[in-house]
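Enquirer:
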Amino acid sequence: MRICSIASGSSGNCIYIGDDKNHILIDAGISRKRIVDGLQSIGVAPEQLDAIFVTHEHSDHISGINMMSKMFGTSVFATGGSLDAICMKDKKGMVKRENLYQLYADEAVHIGKLKVVPFHTFGFCETKSRACAISRAF
Numbered sequence: 000m001r002i003c004s005i006a007s008g009s010s011g012n013c014i015y016i017g018d019d020k021n022h023i024l025i026d027a028g029i030s031r032k033r034i035v036d037g038l039q040s041i042g043v044a045p046e047q048l049d050a051i052f053v054t055h056e057h058s059d060h061i062s063g064i065n066m067m068s069k070m071f072g073t074s075v076f077a078t079g080g081s082l083d084a085i086c087m088k089d090k091k092g093m094v095k096r097e098n099l100y101q102l103y104a105d106e107a108v109h110i111g112k113l114k115v116v117p118f119h120t121f122g123f124c125e126t127k128s129r130a131c132a133i134s135r136a137f
């Protein structure tokens, strides 16, 4: 399994986690171009992405989701509150609703051999739903 930081900080967050067959992002808080460039620099085509998991709805964690969804049909997993925020910020209707999936704390999501387990955290999010995702092979 590989874990690579594509971006980290107040200007945007995006972490790649994957193996030979499965590829996910934790957050997509940078432009589609920066995400694509980051993925290509580690030998992953953006079309290979299986999912984006959103830790919370702040713009430095979600700003690239609209274009990633539009260009590549990438599935997006987030809490209900974060999904609502993503949809509200999607003024041009780029995010396909059928690509949005709600996460629940302590309910694992399997992407191939990757297991993602969301868990509650406490912070300053706009919604009461806060979760962060971790990934591990099983």
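The C-terminal residue of the sequence shown carries number 137 in numbering that gives the first Met the number 0, and the numbering is unbroken.
Every residue, glycine too, gets a C-beta built ideally from N, C-alpha and C.
Please read all numbers here as calculations on a predicted model, not as lab measurements.
Could you tell me which of Asp26, Ser7 and Gln47 sits nearest to Lys20, measuring between CA atoms?
Expert: Gln47
Enquirer: Would you call the CB atoms of Val53 and Pro45 closer than 9 Å?
Expert: no
Enquirer: Report yes or no: do the stretch 85-101 and the stretch 21-40 share at least 3 C-beta pairs separated by less than 8 Å?
Expert: no
Enquirer: Are the C-beta atoms of Ile2 and some chain B residue less than 9 Å apart?
Expert: Any reference to chain B falls outside this structure, which holds one protein chain only.
Enquirer: If you draw a straight line from the alpha carbon of Met66 to that of Val108, how long is it in whole angstroms?
Expert: 23 Å
Enquirer: Could I get the ranges of all uninterrupted beta strand (DSSP E) runs contained in the stretch 64-135, with 3 residues as the minimum, in chain order?
Expert: 74-77, 99-101, 108-110 and 113-118
Enquirer: Roughly how far, in whole angstroms, is the beta-carbon of Asn98 from the beta-carbon of Val75, given that I think they are within contact range, below 8 Å?
Expert: 6 Å
Enquirer: Compare the C-alpha of Gly17 against each of Ile85, Ile110, Ser7 and Arg31 and name the closest.
Expert: Ile110
Enquirer: Helix, strand or coil: which one does DSSP assign to His55?
Expert: coil
Enquirer: Comparing alpha-carbon positions, which option in Phe118, Lys114, His119 and Cys13 lies nearest Ile61?
Expert: Closest in C-alpha terms to Ile61, from the list Phe118, Lys114, His119 and Cys13, comes Cys13.
Enquirer: Taking DSSP as the reference, what is the three-state secondary structure of Ile17?
Expert: Correcting the residue type first, residue 17 is Gly in the shown sequence and not Ile. Strand.
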